[in-house]
Amino acid sequence: MKTLRNIIVLIAMVTAGGGCKKFLEENPVPNVSYGVYNTEKGVEGALAAAYSSVRLGVSSERALTLSDAGTDLFTVGSDGNNEFNQYLATLSPLSSKTTDYWDYHYKGISECNIALQYVPKVSMNAARKLEVEGEAKFIRSYFYFDLVQHFGKVPLVLEVIDEAKTDFKRAEVKDIYNQLIGDLTSAYNLLPQTGKAQGRVNKAAAAHLLSKVYLARASATSAEQRGIRGTQPSDLDSVIAYAGTIASQKVGAYSLVPDFAALFDINKQVNSEVIFAVQFTNTLSNNGSGNQQHLYHVPQYDAVNTKILVRSIPYGRPYRRVRPTPYVYNGLFGTTRKYDSRFTKSFIWGYIANQAANNIKTSAGNTINVKVGDTAIYFSPVQYNNATDSAKLMQENSRFAVYMPLNSYLPFSKNYIFPGLSKWLDSQRPTTNETNGGRDWVMYRYAETLLILAEAYGRKGDFNTAANYINMIRTRAAYKQGEMKTVQYWTFEGGDYADRTKDNTAEMQVTAGQISQNFVDFILEERGREMLGELNRWEDLDRCEKLVERVKLYNPDAQNIRDYHVLRPIPQTHIDRLNPKLPVSEEQNPGYY
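Just add 5 to wherever you are in the sequence shown, counting from 1, and you've got our numbering.
Following this line, the structure appears as structure tokens:
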């Protein structure tokens, strides 16, 4: 079946209103005619261009910087972006990162507007016309949902702009949410259960995104935010209604992949859990800049001991942009890691020697000969606190060339070496230094649908139903019969050696009573355990009005965060182009002027 992997975008969007690199550009390009869009080929080309613009989130550090950096779960790596990870003064209207984020979102919005304006005029299959409308409304909603969460009030542009325009007024947040809900409801009704091709949005994708929009509106706790977002009493019921269509299989047969590790197997990217994935390919000529997320969570493993461990395709190219905070190891997973396989399966804990060398002095103080296949680096999640524990750990791991317990690699001076997040690694790249990756970006998956339902029921006070949905995910997360747990299970976590391959499903279950206290924090932590590094953390913290609180608690490198950081700065390049220009308090977010 033809997929989006093989679609070539036929039309370059180069006019000011047609998706140019700088959306609000004032210089028109007179040689481009919109007449091309009066054809089926033109409309499909505009829609394909919009899909391609979604790719831009992971074709560089855009999504990583805005969605994971500087949260409670991730902090700056040795080659990371300090202004976003540490909330420095350079996080300002002049930041190139926010400008780029703003521009590519409006580029995609422009392409959707073209498809929506011209599709009624063209001669094409009637059913396909409706699908195009649904797809374009979905993608435009995706872009606006990002923008409203990060910037608050933004220009709400819903029509094609075919001449120079400089008067863009920011729409109220509640009006943007109303537009999102209207567009996504329409998309849900228009889209088929199975998309036109693999990688196209379908009815389930619309239901999932619509449930996220309703949940974001319902997540406001303060009276001020509820007013800003336009929160309605029925929002949580709407979350349950739309997410429930997926859980009840009314819009497709989705289910959890039985093994958490298999979910991220690059050879099994099309599976029962994926609701919507942005597609890439290993054919570099069709891949643009590719999916570059495989670069950013990789430690500098090849700098620890180059005699026995050099850069390789399986372990990735180490850009080390972000690293997990201390909280991830001992807080987020602190209460579950004994029985939670997600802790083991989300990271690379051991790096295997790919070169042989003799007389290697280990961190345990002995000298060993290392063969290919021996353990070159071993990370331990255990933080030892006394000499007895230290000696026991060193003895347990004396055969490893470099042994790094938790408090050996967490200091800022060691921010180049840490367990690498394995979810994004791309073993199918042709060379060790290739940045153009072919892994799909799984944007929405069924486990998140269940967490959305759990949160909605919990916010309504129905903790029994919330626990049921959470336990579905935790059943998958538990070690199953025959699975080997880590050595820490029986050395430091209090487990019995005889139980090292025992099923732990029962131990991973939660009750209504356990989750009813501080439920919002609990669900944020469960989302963190399940979706660590999947480009949604900043948005989750912000919608729950927990960003500043949790970053101050759990991210020691980001103590500069202030209350105004719940919004990003409006790019100065946009403000400078406005004419007429309102007072700066109207054009810019508080704290940035």
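No residue lacks a Cβ here, since even glycine has one placed at the ideal position from N, Cα and C. Remember, predicted model here, so these are calculated numbers, not experimental data.
For the alpha helix (DSSP H) containing residue i, name the first residue and the last one.
i	result
residue 495	493-496
residue 543	542-548
residue 225	Note, residue 225: premise wrong, no alpha helix (DSSP H); not H, not E.
residue 448	Segment 446-450 is the beta strand (DSSP E) holding residue 448; no alpha helix (DSSP H) there.
residue 510	510-513
residue 333	That residue, residue 333, is in no alpha helix (DSSP H); it is neither H nor E in DSSP.
residue 134	131-156
residue 46	45-60
residue 80	Element bounds for residue 80: not the alpha helix (DSSP H) but the beta strand (DSSP E), 79-81.
residue 578	577-582
residue 267	That residue, residue 267, is in no alpha helix (DSSP H); it is neither H nor E in DSSP.
residue 70	67-72
residue 519	517-521
residue 303	Careful: residue 303 lies outside any alpha helix (DSSP H) and carries neither H nor E.
residue 317	Segment: none, residue 317 is in no alpha helix (DSSP H) and carries neither H nor E.
residue 557	552-559
residue 90	87-91
Counting along the chain, where does the beta strand (DSSP E) carrying residue i start and finish?
i	result
residue 380	380-384
residue 102	It is not in any beta strand (DSSP E) - residue 102 instead sits in the alpha helix (DSSP H) that spans 101-123.
residue 524	No beta strand (DSSP E) holds residue 524; the alpha helix (DSSP H) holding it covers 524-536.
Taking Cβ to Cβ, would you say residue i is nearer than 9 angstroms to residue j?
i	j	result
residue 167	residue 110	no
residue 322	residue 438	yes
residue 56	residue 127	no
residue 537	residue 220	no
residue 357	residue 381	yes
residue 174	residue 193	no
residue 74	residue 89	yes
residue 176	residue 158	yes
residue 542	residue 72	yes
residue 428	residue 302	yes
residue 277	residue 262	yes
residue 570	residue 596	yes
residue 491	residue 329	no
residue 440	residue 290	no
residue 256	residue 212	yes
residue 446	residue 62	yes
residue 214	residue 449	yes
residue 165	residue 185	no
residue 233	residue 179	yes
residue 82	residue 304	yes
residue 230	residue 442	no
Whose C-beta lies closer than 6 angstroms to the C-beta of residue i among residues of the same chain, with five residues either side of it excluded?
i	result
residue 134	124
residue 430	299, 321
residue 29	Low confidence applies here, because residue 29 scores a pLDDT of 26, under 50, leaving its location unreliable; read the following figure in that light. So the list reads 579, 582, once near-sequence residues are dropped.
residue 414	The predicted model places residue 414 with a pLDDT of 47, which falls under 50 and marks its position as unreliable; any figure quoted below should be read in that light. Cβ within range, chain order: 422, 423.
residue 85	326, 327
residue 509	344, 483, 484
With DSSP as the reference, please indicate the residues paired to residue i in a beta bridge.
i	result
residue 238	Bridge partners of residue 238: none, in fact.
residue 345	483
residue 282	447
residue 352	426
residue 366	372
residue 271	Beta-bridge pairing links residue 271 to no other residue.
residue 176	159
residue 409	384
Could you name the residues of the same chain whose beta carbon sits closer than 7 angstroms to that of residue i, not counting the 5 residues immediately before and after it, in chain order?
i	result
residue 44	127
residue 575	98, 156, 592, 593, 594
residue 589	598
residue 350	265, 266
So, at 8 angstroms on beta carbons, what are the nonlocal neighbours of residue i in its own chain, with the 5 sequence-adjacent residues on each side left out?
i	result
residue 9	In this prediction, residue 9 has a pLDDT of 34, which is less than 50 and means its spatial position is unreliable; nothing more can be read from the coordinates.
residue 35	Confidence is the limiting factor: at residue 35 the pLDDT is only 35, short of 50, which leaves the residue's position unreliable, though a coordinate-based value still follows. Same-chain partners within the cutoff: there are none.
residue 529	545, 546, 549, 551, 555
residue 258	277
residue 477	261, 455
residue 586	580, 592
residue 507	484, 486
Less than 8 angstroms separating the Cβ of residue i from some heavy atom of the ligand MG?
i	result
residue 279	Questions concerning the ligand MG fall outside what the structure shown contains, since it holds no ligand whatsoever.
With a cut-off of 8 angstroms, do at least 3 Cβ pairs link the stretch 515-522 to the stretch 275-293? no
Decide if the stretch 173-191 is in contact with the stretch 126-143; the criterion is three or more beta carbon pairs, one per stretch, under 8 angstroms apart. yes
Would you be able to state if there are at least three C-beta pairs under 8 angstroms between the stretch 339-346 and the stretch 453-464? no
Would you call the stretch 330-342 in contact with the stretch 359-366, where contact means no fewer than 3 C-beta pairs closer than 8 angstroms? no
Would you call the stretch 532-551 in contact with the stretch 224-239, where contact means no fewer than 3 C-beta pairs closer than 8 angstroms? yes
Closer than 8 angstroms is the cut-off here; do at least three beta carbon pairs connect the stretch 460-471 with the stretch 309-318? no
Please determine if the stretch 467-476 and the stretch 486-501 are in contact, where contact requires at least 3 C-beta pairs separated by less than 8 angstroms. no
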